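Notes to accompany the following structure.
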């Protein structure tokens with residue numbers, strides 16, 4: 018719902034919009050043929066409800082975790098980008114995800130969270146197929162952390178993560194990983210082919 022209103026959501030707990038519910042249903046249908054052993058989601062409603070659409074199709078429960086929560090954006094949350102740029106013009110040249118503005122989640126906190134989540138996944142789910150339903154900001158940071166490590170914040174993120182986009186990461190037995198694709202959304206083609214009233 019926050020996207021529809023043009024609001025930066027962060028950790029504010031907006032529900033899914035009617036379009037978001039349709040996208041979640043399409044995502045669930047896509048996963049019918051995908052083998053899964055476990056499902057995690059952010060503990061925020063919009064991600065958890067999306068994950069439950071997959072769980073319903075796969076007959077799996079969904080474990081909600083704060084480790085997959087969206088980046089906490091403090092004073093930016095609930096505001097439009099125009100409002101943020103007006104009150105915090107320095108964010109035009111950087112990114113609101115790692116602005117360093119007081120009240121937002123720090124680079125150090127995000128790095129610690131990425132490391133904790135990665136370690137937990139490897140410890141609990143080696144050799145398993147795991148779905149993680151999170152948020153665009155955190156997913157992009159987590160992927161950058163996997164690629165370049167603890168200096169992730171010094172690099173431009175050359176990709177975009179939209180709602181219900183699918184990214185596939187494979188871990189090998191020797192703890193190396195491969196990113197097969199980022200931000201795939203072909204499961205939404207049926208929605209984009211319908212009336213614009215859905216958009």
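Numbering (the numbering used here), first residue to last: 18 to 216. Ideal Cβ positions, reconstructed from N, Cα and C, are used throughout, including at glycine. Source: prediction; values computed, not measured.
For the pair of segments examined, the region 178-185 was found to touch the region 153-161: the number of CB pairs separated by less than 8 Å reaches three. For the options 133, 144, 140 and 141, the alpha carbon positioned closest to that of residue 166 is the one of 133.
For residue 119, no beta strand (DSSP E) segment is defined, and its DSSP state is neither H nor E. Looking at the DSSP output, residue 169 bridges to nothing. Comparing C-alpha distances from residue 79 to each of 144, 129 and 55 shows the shortest one belongs to 55. Between the beta-carbon of residue 70 and that of residue 45 there is about 4 Å, and that keeps the pair under the 8 Å contact cut.
Two segments are said to touch when three or more pairs of C-beta atoms, one from each, lie closer than 8 Å; by this definition the region 103-123 touches the region 82-89. By alpha-carbon distance to residue 99, the top candidate from 60, 190 and 24 is 24. The straight-line gap separating the alpha-carbon atoms of residue 209 and residue 60 is approximately 28 Å. Residue burial is scored here from C-beta neighbours: residue 109 has fewer than 16 other C-beta atoms within 10 angstroms and is therefore classed as exposed.
Each residue's CA atom was taken as its position, placing residue 30 and residue 62 some 6 Å apart. Comparing C-alpha distances from residue 57 to each of 198, 137 and 177 shows the shortest one belongs to 137. A straight line joining the alpha-carbon of residue 72 with that of residue 48 spans about 9 Å. For the 9 Å CB-CB criterion, residue 186 and residue 163 form a contact. Bridge partners of residue 81 according to DSSP: 58. For residue 197, the uninterrupted beta strand (DSSP E) segment begins and ends at 194-201.
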